Amino acid sequence: MHFNDGLAQLAPLSIAIPIVVACVMLSIGQRAPRVVVDTVAVAGATTVVGLDAALFAGSGGRVINWVANWLPGGGHPVGIVLVVDRIGAGVALLAAILMLLALIYSARYFESADAHFQCLMLLFLAGMNGFALTGDLFDMFVFFELMGAAAYALTGFKVEDRSALQGALNFGIVNSLGAYITLMGIGLMYARTSQLGLAQIGANLDHQRPNALIVVAFIFIMTGWLVKAAAVPFHFWLDDAHAAAPTPVCVLFSGVMVELGLYGVLRVYWTSFAGVIPASDMRRAFIVLGAVTALVGSVMCLAQRHLKRLLAFSTIAHMGLFMCAAGTMDASGTTGAAVYVAGHAGAKCALFLLAGMVLNRYGSVDEAALHGKARDARVPATLFAIASLALAGLPPFATGLGKAIGEDALSADGYWFGPVLFVAVSAMTGGAALRAGGRIFLGLGPRPRQTEDSAAEEETPETTQRFGRRSASLVGPIIALIAGCLALGLAPSSIHAIGGGATRLIDHAGYLAETLRHAHPTVAHDPTAIDWTTTGVVLGLVSALLAVGVAATGWYAEAVRRRLRSVLAPFQRGLSGMRALHSGHVGDYVAWLMVGVVVLGALVGLPLR
Amino acid sequence: MSRRVRMWMVAIAGAAVAVGMGLAFVDLPSFGGSHHPYRDAAIHGSVAHQTANAVSAVNFDQRGLDTFGEESILFASIIGVSALLRPSKEEQEAGPSQPGRVMEATRILGYAFIPLVLIVGLDVISHGVITPGGGFQGGIILASGIHLLYVAGSYETLGRLRPVRLFEHGEAIGAGAFACLGIAGAATAMGFLANLIPLGSFGQLFSAGTVELLNGAVGIEVGSGVIVLIAKFLDQAILLGPQKS
Amino acid sequence: MNAWLAASAVLLVLGLGPALIIGARGDGVSRLVGLELASPIAVFFLMAFAAGVDQPSYLIVPLVLAVLNVVGTLVFTRLLGPRP
Amino acid sequence: MSYYGYFVAGAIMLTGAVGIARSRNLVHAVVCLSVSQAGTYVLLLSIGYQRHAAAPVFGSTIKPSTKVVDPVVQALCLTDIVVSATVTALLLALSLQIAKHHGTTDPDELSALRG
Amino acid sequence: MTFIVGAALTLVLAAAIAVVASQDPSRQAVTLSVLGVSLTVLFFALQAPDVALSQLAVGTAIVPLMVMLTISKIRGGR
Numbered sequence: 001m002h003f004n005d006g007l008a009q010l011a012p013l014s015i016a017i018p019i020v021v022a023c024v025m026l027s028i029g030q031r032a033p034r035v036v037v038d039t040v041a042v043a044g045a046t047t048v049v050g051l052d053a054a055l056f057a058g059s060g061g062r063v064i065n066w067v068a069n070w071l072p073g074g075g076h077p078v079g080i081v082l083v084v085d086r087i088g089a090g091v092a093l094l095a096a097i098l099m100l101l102a103l104i105y106s107a108r109y110f111e112s113a114d115a116h117f118q119c120l121m122l123l124f125l126a127g128m129n130g131f132a133l134t135g136d137l138f139d140m141f142v143f144f145e146l147m148g149a150a151a152y153a154l155t156g157f158k159v160e161d162r163s164a165l166q167g168a169l170n171f172g173i174v175n176s177l178g179a180y181i182t183l184m185g186i187g188l189m190y191a192r193t194s195q196l197g198l199a200q201i202g203a204n205l206d207h208q209r210p211n212a213l214i215v216v217a218f219i220f221i222m223t224g225w226l227v228k229a230a231a232v233p234f235h236f237w238l239d240d241a242h243a244a245a246p247t248p249v250c251v252l253f254s255g256v257m258v259e260l261g262l263y264g265v266l267r268v269y270w271t272s273f274a275g276v277i278p279a280s281d282m283r284r285a286f287i288v289l290g291a292v293t294a295l296v297g298s299v300m301c302l303a304q305r306h307l308k309r310l311l312a313f314s315t316i317a318h319m320g321l322f323m324c325a326a327g328t329m330d331a332s333g334t335t336g337a338a339v340y341v342a343g344h345a346g347a348k349c350a351l352f353l354l355a356g357m358v359l360n361r362y363g364s365v366d367e368a369a370l371h372g373k374a375r376d377a378r379v380p381a382t383l384f385a386i387a388s389l390a391l392a393g394l395p396p397f398a399t400g401l402g403k404a405i406g407e408d409a410l411s412a413d414g415y416w417f418g419p420v421l422f423v424a425v426s427a428m429t430g431g432a433a434l435r436a437g438g439r440i441f442l443g444l445g446p447r448p449r450q451t452e453d454s455a456a457e458e459e460t461p462e463t464t465q466r467f468g469r470r471s472a473s474l475v476g477p478i479i480a481l482i483a484g485c486l487a488l489g490l491a492p493s494s495i496h497a498i499g500g501g502a503t504r505l506i507d508h509a510g511y512l513a514e515t516l517r518h519a520h521p522t523v524a525h526d527p528t529a530i531d532w533t534t535t536g537v538v539l540g541l542v543s544a545l546l547a548v549g550v551a552a553t554g555w556y557a558e559a560v561r562r563r564l565r566s567v568l569a570p571f572q573r574g575l576s577g578m579r580a581l582h583s584g585h586v587g588d589y590v591a592w593l594m595v596g597v598v599v600l601g602a603l604v605g606l607p608l609r
Numbered sequence: 001m002s003r004r005v006r007m008w009m010v011a012i013a014g015a016a017v018a019v020g021m022g023l024a025f026v027d028l029p030s031f032g033g034s035h036h037p038y039r040d041a042a043i044h045g046s047v048a049h050q051t052a053n054a055v056s057a058v059n060f061d062q063r064g065l066d067t068f069g070e071e072s073i074l075f076a077s078i079i080g081v082s083a084l085l086r087p088s089k090e091e092q093e094a095g096p097s098q099p100g101r102v103m104e105a106t107r108i109l110g111y112a113f114i115p116l117v118l119i120v121g122l123d124v125i126s127h128g129v130i131t132p133g134g135g136f137q138g139g140i141i142l143a144s145g146i147h148l149l150y151v152a153g154s155y156e157t158l159g160r161l162r163p164v165r166l167f168e169h170g171e172a173i174g175a176g177a178f179a180c181l182g183i184a185g186a187a188t189a190m191g192f193l194a195n196l197i198p199l200g201s202f203g204q205l206f207s208a209g210t211v212e213l214l215n216g217a218v219g220i221e222v223g224s225g226v227i228v229l230i231a232k233f234l235d236q237a238i239l240l241g242p243q244k245s
Numbered sequence: 001m002n003a004w005l006a007a008s009a010v011l012l013v014l015g016l017g018p019a020l021i022i023g024a025r026g027d028g029v030s031r032l033v034g035l036e037l038a039s040p041i042a043v044f045f046l047m048a049f050a051a052g053v054d055q056p057s058y059l060i061v062p063l064v065l066a067v068l069n070v071v072g073t074l075v076f077t078r079l080l081g082p083r084p
Numbered sequence: 001m002s003y004y005g006y007f008v009a010g011a012i013m014l015t016g017a018v019g020i021a022r023s024r025n026l027v028h029a030v031v032c033l034s035v036s037q038a039g040t041y042v043l044l045l046s047i048g049y050q051r052h053a054a055a056p057v058f059g060s061t062i063k064p065s066t067k068v069v070d071p072v073v074q075a076l077c078l079t080d081i082v083v084s085a086t087v088t089a090l091l092l093a094l095s096l097q098i099a100k101h102h103g104t105t106d107p108d109e110l111s112a113l114r115g
Numbered sequence: 001m002t003f004i005v006g007a008a009l010t011l012v013l014a015a016a017i018a019v020v021a022s023q024d025p026s027r028q029a030v031t032l033s034v035l036g037v038s039l040t041v042l043f044f045a046l047q048a049p050d051v052a053l054s055q056l057a058v059g060t061a062i063v064p065l066m067v068m069l070t071i072s073k074i075r076g077g078r
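Chains as they are written, first to last, in my numbering: chain A, 1 to 609; chain B, 1 to 245; chain C, 1 to 84; chain D, 1 to 115; chain E, 1 to 78.
This is the structure:
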């Protein structure tokens, strides 16, 4: 009932504060010493963490803020509404925490150019917060573009690095084109409903038959968000951008930005289109796209030697799993996806930061070139092993818990291959990371031959001086990320909060009633008791074991592979064909984007006829 | 992929997308019709807040958060361009190259137009509430006026008149002022970006409450920002000279 | 449709159409001729249209076009030719 | 005529996309992207258009009771134009740096990224 | 009125195709300016003087200037 009360006022502040801090930093950045700039940036990010945490804690129901006090009177609402629920606040909180850790990690990064790096990081945070908290379709587009503009510049920030520039341009063109297609869909929806608010559109579309206009508008809107979510075949930009972006930026890209794309899909579907496009239709589309994405991502991940590119493909693979879990279109699957996203952020970001440390110390991220080079680095080696196993879903890490919940939800819906897919993808991605780590830190297995493509990629250093061996500002964030992943897996209360959030995310009627008709929040019924199950623990252990197996095959099976060359040849050809598709050519990516729109149309639209 | 394969893919997928668009478009209300419920509500809101230019009312008042996001995009892009086009060490050492020669007619025309462009720009900003135009359009016109000095040939004069650092402050101040006006609304418990100062009367130069102030903030931000933006490109193309490969 | 609107329609079809054709063919300098043709015609079109719908406040647009066209032209004349 | 505006909008968007795919120069591709975005302006304004209505700027000749076209899509379009200009600036800056460091702007010749 | 809007739409479409079809970027920049003028005309005919003014400010001076400066920098290397 209470519009714009104290808690609700925090929502726009979490968008505005980072922008104000960025303005301050731009002004002082030219004169102030580096330590002041870093302190201000970290303080700004800390404030946003506080605001988002308050929103997360207070958003048991939904926190609603009609911006600029344009309350929906009797007639047609004209203002923008921010609607904060647990999942929205949770994603914003995740973004703020990762930003804080990335800023701490980068405190001695680069010869800063007038604090531009920190300004862009904070504007990036503002964009992510706005995207997560708003309840208005066009506003989502605006903050999507804000995220994009900051992200393109951050990707290309190492202007001496050729691959970074090319990756940033590919990222910018493909994402922008996706965003314009989304804008077209928004225009179509506006023409149809004369509304821009998600809830208002939902109320207008409820109980209608899905005609061509609604379906096409929906597909167009999905396109932009799915480009961000890196669903195959929209995913090509991701490995280019992640492989080349500065390490602290990769943390935000992999940990939360890509996931925000999936959040956008779920938010728009459940709030606006759930009354007109049946969930069964979406389930098919999600699970097909998710499974293909997971397989392509994990196979490509295994084939990489460039450590950051390997981690980027593992992000694509995990995005496929999140899509499958959320694609069950029920509370438990969505909970699984949310928990998995949080856990994945911890494990994956730790791995990226470790890759950054390796790059700093040895000037390369090629696992073949680095073979055995880092034998003396005990602490990073241990952390790398733990994070890789966490990525593979080892209990009791939150990744394992999210994976288990997702597997349960899929098999409960009759998708028997769900657990198989989850275990296989976890084993392959975790195994690939372990393989690389084992080679780099322990020198396991024979030294791999230097292939042309791996030798060609030289890496531009990101830092001007080598950091001390155990610099707290580097190791601290890594330990915090792994500890967070572990704590989340061990704390049922936090899982309970996320489960309640998932129930609300998919609660179409409740969102509309609370936003438009000031209804009292309906009590979120407890989602099916979510906790560790025996099956979940066993499957988690199995995938961790398989990951070790995959890694060991990578280390020692060169001889076996040579003997089986004739049997493996067709697979090798398929793999090199798939690698050739990831060509770095922006024209190819645009062609795939258009194919993706058609595929999406076929998956969602054709069955509705 | 070869070029030929790519073009076939684009042709087939593009045709399919075009068919989808066509199916969607014929379901739309027909072009030029009179059914616009959001329009009616927005006009009502605009009149209630004494804003003669309903587009400004939507931009700065009813959907002010969009514009806040939009100005942040501008802000982020300009910082991004500044970062991407920062001169490398070798370029800084190379020093400026000689500017090209300019025709006398170009020079005279350029100087003659500067005051005119500046006046038009200021007029477009200040009347944004009551006539077409506003901070964004006016800001760009102002920035174009300053850069006439470059096309008029005197890059050195431009360098003196255009202390980029100062304009970076201007950009930050404009963007910060927008945000602070928004936060002031939240602090008075009216709501973020609420229209909280006296509204004045319809059609007057100073009407529409905070719309006028936000308009001015955007004008400062866009004007300074675009100057910085063009300055970075100019520095690359002129000052640092053509790239020797 | 009143006389002003009729005049603006004529300007649009017989003026901007050919200007576009010139502005889309040949090398940069000959395209510039098309642009130089298009801008004044557009100014006249905008003025005639504003008169036709009887909206004097619209006249700011042709004014700005006239002014900014000079800037645009100077940009091209400065940068289009071969570098010294 | 009743759908012509929408079709033109769709056609512009697709033209731009095809232009990026067949582009041989990154600057050309960036310009094509901004052409593609022009399609969204045309769509938005076509949606808000009403025949024989005036612009939503009230004054001596347009009273608040006059029929006007939709100001909301115009506001959205203004935002869109700002986005277009600034994203174009960013991408041009990236193309410039690519030309500097790769020595080419032909996407067929860029080879820093291979799967 | 309808005729004017229709003619302006056609003009914009033709200009857009011409821009995309121009392979050489510096020629394309001039045609892009013509597209900017055409869009201004269209927006004006659609009763959107605010948007026309924005398009004008962006499309006739700033974007062509940035494109031309980028090209002239790139050309310098040849």
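Don't be surprised by glycine CBs; every beta carbon is placed ideally from N, CA and C.
Computed from a predicted structure; not experimentally measured.
Using the beta-carbon of each residue, which ones in chain F are nearer than 8 angstroms to residue i?
i, result
"Ser95/D", "This model lacks chain F altogether, as its protein chains are A, B, C, D and E."
Can you tell me which of the three DSSP states residue i falls into?
i, result
"Ala456/A", "At Ala456/A, the pLDDT of 44 sits below 50, so the modelled position is not reliable; the number obtained from the coordinates is stated separately. In the structure shown, Ala456/A sits in a helix (DSSP, three-state: H, G or I)."
"Thr134/A", "strand"
"Asp40/B", "helix"
"Gly584/A", "coil"
"Gly32/B", "strand"
"Gly197/A", "strand"
"Gln74/D", "helix"
Taking just the CA atoms, how far does residue j sit from residue i?
i, j, result
"Lys67/D", "Ala53/D", "5 angstroms"
"Met7/B", "Ala591/A", "8 angstroms"
"Ile277/A", "Ala38/C", "48 angstroms"
"Val117/B", "Val211/B", "24 angstroms"
"Ile64/A", "Glu171/B", "32 angstroms"
"Leu11/E", "Gly16/D", "16 angstroms"
Run through the DSSP bridge pairs and tell me what residue i is partnered with.
i, result
"Leu82/A", "Asn65/A, Thr134/A"
"Asp366/A", "His306/A"
"Asn53/B", "Val57/D"
What first and last residue would you give for the alpha helix (DSSP H) that runs through residue i?
i, result
"Gln55/E", "49-56"
"Ile62/E", "That residue, Ile62/E, is in no alpha helix (DSSP H); it is neither H nor E in DSSP."
"Asp52/A", "34-58"
"Lys403/A", "398-412"
"Gln137/B", "135-151"
"Ala16/A", "6-28"
Does the beta-carbon of residue i have 16 or more other beta-carbons within 10 angstroms, so that it is buried, or is it exposed?
i, result
"Trp70/A", "buried"
"Gln23/E", "exposed"
"Ile47/D", "buried"
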